[in-house]
Each structure stands twice: as C-alpha cells, then as structure tokens.
Amino acid sequence: MPATTEAGVFDESELVAKARTGDLEAFNALIKRYERKIYRLAKHITQNDEDAEDVLQETFLKAYEHLKDFQGQSKFYTWIVRIGVNESLMKLRKRRSDRTVPLDEPVDTGEDTVAREIAVWEENPEQRYSREEMGKILDEAVDTLRPAFRTVFVLRDIEELSTEETAEALNISVPAVKSRLLRARLQLREKLTRFFKRKGDDVFAYL
Amino acid sequence: MLTCKEFLVELNEYLDETVDVELRRRLEAHVTECPNCFVICDTTKKTIQIYKGMQPQVLPADVEARLLKAVARRAAAHKSQQV
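Residue numbers (this note's numbering), protein chains in the order written: chain A, 10 to 216; chain B, 162 to 244.
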C-alpha cells in the first residue's frame, strides 16, 4: 500500500494495524479519513439525513467490531464502503417495507437508452454555478434515479469502485452493474443537459 | 456502420476504454458520422467527469461529534469486558 504524501499522516495499513490492537486514536484517524464519503454514500442511497447518520454510526461501529476479520487483501476503503452499502440498503428496505426495492430486478435489455434531449454543453458549465449550486444540481439529479440505478452509479462513478467491486457490494452480476450504469449515466446526462446546455442552442438542429 | 442503438449499448465500454481495437474503430467511425451520438457521447463523458470531481461535503459538526462519541462508548464497553 503506498504511503500517503501528506507529512505526519500514517500509512493506511499502519493505521489499520494500530486500530486492530485497540488503538482508538488510530481508528479515529480512519474515521476522519472516510466519514465524509460514507455519509455521502448513505445520503445518496437512503435519501434521508437521519438514516444517513444512523448508517454512518453503524458502519464505523461494525468496522470497529469486525476489524479483526479484515484481512487486508482488499483496501480498507473498499471494505468499509461495503459495510456502508449494506447498512444503507437495510435502511432503504426498512423505509420502503410496503414496496419491494427493485435492487434485484432482471438485467436490463437497454430498451430505454433512447436519448430525448440532445444539446451541446457550455465549455465549462461548472463555472456558471457556485460550488454549492453545483453540488445541489448534481445531488438532486442523482436522487431522481431509481434505487437500482442510483446505487450502481454512486458506487461506480462517485465512490469510484470497480465494476467487480460494485457487483460484489450489491450482490448483483457484473452485466447487471454494466447495464444499470449505462442507463444511470444516460439519464443523468439528460438531466444535466437542462442545466448545462449552451445558451441559444434550444433549437439546435441535430434531430 | 453501427446503428445509434448499437453505439449506445457500447457507450460505457467506449468511455471506460475497455473495448477492443476493432470495435473501437467502428464506434469512432459512427461518432464521426452521427452528430447526435457525438453529442451524447461527449456530454456523457462530461457527466462522468463532473461527478468524479465532486468532493464530499464536510460533515456537520454535531454529526461527527455523535459518531466519535458512539465509537468511544463502544470501545470503552469492549475494554471493560476484557478486564
């Protein structure tokens, strides 16, 4: 595992080894490193602040309890993300117990990958919005996706897990990850086009 | 030439650069010929880039305080069990 470039910061495997011996300070350092990502992940999946906080706590408590089982073959981050995903999905299922969360729906055939909104974007759309506005636009767009697409997109394109890691974390097949990711990306592209398309291109004659 | 639908099915693999040379050539041929797919491809690529560049927000201070407290409590419970 590569050492971090920040001065004074322990290499992650060293932190994990220390935390495993019961060193709370080392474990807290791991918390500080990943708490924001776990919280963001939980918020995206559960779409609820209270649930996200519960997930955050449960994730790190479980990690603390099971640190001895962490073999170090995968990255600590991947391991903790998997715990976070499981906790989030449990919350989501509980909240929607009246309906089935379609996480195990059949593999998509790509039938609805048809794009409706096609327009060129501005050169640097992020410059037109403040950081806060941009974050809001992006978060709200993700939140409109169905859970099955949303979870895959969050893991692959926001938390940057590999296709295989995503499949494993969600307990779905690799082809299912791929087809859901494609649909999620295309749906988001379409939603963001409404914000980022070049002005004056409304009658863009591509069609 | 590939149809637009065939192109879109391969879009992810194309953007993630996991297609073989021959398919890549056919996808590139389609995208130079088809303005719609060019735009879809380009804006999808930008969509991915924008999300990848997004830094997570700082945790609300009270959320972090409660987290650290919960973990400290659990750690203390463990210690007292071991004694």
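Beta carbons are placed, not taken as given, at the ideal position from N, Cα and C, and that holds for glycine.
Segment limits, alpha helix (DSSP H) that includes residue i
i	result
Leu220 (chain B)	No alpha helix (DSSP H) contains Leu220 (chain B), which DSSP labels as neither H nor E.
Tyr212 (chain B)	Pro196 to Lys213
Gln66 (chain A)	Asp58 to His75
Gly31 (chain A)	Note, Gly31 (chain A): premise wrong, no alpha helix (DSSP H); not H, not E.
Lys84 (chain A)	Per DSSP, Lys84 (chain A) belongs to no alpha helix (DSSP H) and is neither H nor E.
Val183 (chain A)	Val183 to Phe205
Tyr138 (chain A)	Looking at the DSSP string, Tyr138 (chain A) is not in any alpha helix (DSSP H), and its letter there is neither H nor E.
Lys166 (chain B)	Cys165 to Val170
Glu177 (chain A)	Thr172 to Leu179
Val161 (chain A)	Pro156 to Phe162
Proximity test, Cβ basis, 9 Å: residue i and chain A
i	result
Val224 (chain B)	yes
Gln218 (chain B)	yes
Met162 (chain B)	no
Within-9 Å CB hit, residue i to chain B
i	result
Val129 (chain A)	yes
Glu74 (chain A)	yes
Leu216 (chain A)	With a pLDDT of 45 at Leu216 (chain A), under the threshold of 50, the modelled position of this residue cannot be trusted, and the question is left open.
Arg194 (chain A)	yes
Glu15 (chain A)	Because Glu15 (chain A) carries a pLDDT of 47, less than 50, the predicted location of this residue cannot be relied on, and the following value inherits that uncertainty. Output row for Glu15 (chain A): interface = no.
Glu44 (chain A)	yes
Arg49 (chain A)	yes
Ile219 (chain A)	Residue 219 (chain A) cannot be examined here, being either before or after the span of chain A that is shown, 10 to 216.
Thr153 (chain A)	no
Gln95 (chain A)	Checking the sequence, you will find Asn at residue 95 (chain A) rather than Gln. No, because no Cβ of chain B sits closer than 9 Å to the Cβ of Asn95 (chain A).
Asp166 (chain A)	yes
Gln56 (chain A)	no
Arg159 (chain A)	no
Lys27 (chain A)	no
Lys208 (chain A)	no
Glu142 (chain A)	no
Leu103 (chain A)	For the record, residue 103 (chain A) in the displayed sequence is Lys; it is not Leu. For Lys103 (chain A), the answer is no, since every Cβ of chain B falls outside 9 Å of its Cβ.
Leu179 (chain A)	no
Glu169 (chain A)	yes
Pro115 (chain A)	Bear in mind that the predicted position of Pro115 (chain A) carries a pLDDT of just 45, short of 50, making it too unreliable to give a figure here.
Arg198 (chain A)	yes
Phe205 (chain A)	yes
Leu24 (chain A)	no
Lys100 (chain A)	no
Gln66 (chain A)	yes
Lys84 (chain A)	no
Phe79 (chain A)	no
Glu62 (chain A)	yes
Glu135 (chain A)	yes
Thr202 (chain A)	yes
Val110 (chain A)	Low per-residue confidence applies at Val110 (chain A): pLDDT is 49, beneath 50, and the placement is therefore not dependable enough to give any value.
Rounded distance between the beta-carbons of residue j and residue i, thought under 8 Å
i	j	result
Ala178 (chain A)	Arg91 (chain A)	5 Å
Leu220 (chain B)	Arg140 (chain A)	The Cβ separation is near 17 Å, so there is no contact.
Ala51 (chain A)	Ser97 (chain A)	5 Å
Leu65 (chain A)	Leu229 (chain B)	Not really, about 11 Å apart at Cβ, beyond 8 Å.
Leu154 (chain A)	Ala193 (chain A)	6 Å
Asp60 (chain A)	Lys100 (chain A)	4 Å
Arg187 (chain B)	Leu163 (chain B)	6 Å
Met215 (chain B)	Ile47 (chain A)	The pair is not a contact, with the Cβ atoms about 15 Å apart (cut-off 8 Å).
Phe85 (chain A)	Glu21 (chain A)	6 Å
Check distances from the C-beta atoms of the segment 172 to 194 of chain B to those of chain D and list, in chain order, the residues that come in under 7 Å.
Absence of chain D from the displayed structure is noted, the protein chains being A and B.
Is the segment 35 to 48 of chain A in contact with the segment 143 to 161 of chain A, if contact means three or more CB pairs nearer than 8 Å?
no
State whether the segment 124 to 132 of chain A contacts the segment 87 to 102 of chain A, with contact taken as three or more CB pairs (one from each stretch) at a distance under 8 Å.
no
Contact between the segment 195 to 206 of chain A and the segment 150 to 163 of chain A: three or more CB pairs below 8 Å?
yes
Check whether the segment 229 to 240 of chain B touches the segment 189 to 207 of chain B, counting contact only when three or more Cβ pairs, one atom from each stretch, lie closer than 8 Å.
no
Should the segment 163 to 171 of chain B be called in touch with the segment 169 to 186 of chain A, which here means at least 3 C-beta pairs below 8 Å?
no
Would you call the segment 179 to 197 of chain B in contact with the segment 24 to 36 of chain A, where contact means no fewer than 3 C-beta pairs closer than 8 Å?
no
Pairing CB atoms from the segment 62 to 76 of chain A with CB atoms from the segment 158 to 167 of chain A, are three or more of them under 8 Å?
no
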